[in-house]
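Below is one structure, written out as C-alpha cells, with a few remarks after it.
Numbering (the numbering used here), first residue to last: 84 to 216.
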C-alpha cells in the first residue's frame, strides 16, 4: 500500500512540513492486532509524532515513532522506520475525548512482553527456534 508521512524532519519547522512517500512494508501483529507498522518513507529526526497516511484513501494509519539507528556506528537509516498503529491509540483517544482525563493514555504504557519485544526489535521466546543440539 502506498503511504506518506508528514513531519518536520531534517530542516525543522522554519521550512514547513515535509511529506515523504513510500510503501507500507510490514504490519507486525501480536495476537489478533497490529502493534507496529514499518514503511519505506524517509523519516528524519524531528518527524516522530507525525502522521502516517494511506495515499489513496487519506486514512490515518499511525503515528511515526522512530527511524532506525545502528548503535555501533551511529548511522541512521531513514527509509526503515516504525509507526504506532492508530488502532492502538484509538481507545485511549476515545476515553480522553469522553472524559478529558490524561490518565486515559496510561494504558498505552502497559503493553505485554510480546509487544515490548517487537518494539525492541527482539524475537519473543515463543518465536525463537530452539536448537536440537
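Every residue gets a Cβ at the ideal spot worked out from N, C-alpha and C, and that includes glycine.
Is residue 147 near residue 88, with beta carbons less than 8 Å apart?
The answer is yes: Cβ separation under 8 Å.
Can you give me the Cβ contacts of residue 86 inside the same chain, cut-off strictly under 8 Å, excluding the 5 residues immediately before and after it?
So the list reads 104, 105, 106, 107, 122, 124, 135, 136, 137, 138, 144, once near-sequence residues are dropped.
With residue 110 and residue 117 assumed to form a contact (beta carbons below 8 Å), what rounded beta-carbon distance in angstroms separates them?
Confirmed, about 5 Å.
Spatial neighbours of residue 163 in its chain, beta-carbon cut-off 6 Å, leaving aside the 5 residues before and after
Within the same chain, residue 163 has close Cβ partners 151.
Burial state of residue 167 (16 or more Cβ within 10 Å):
Buried, by the Cβ-count rule.
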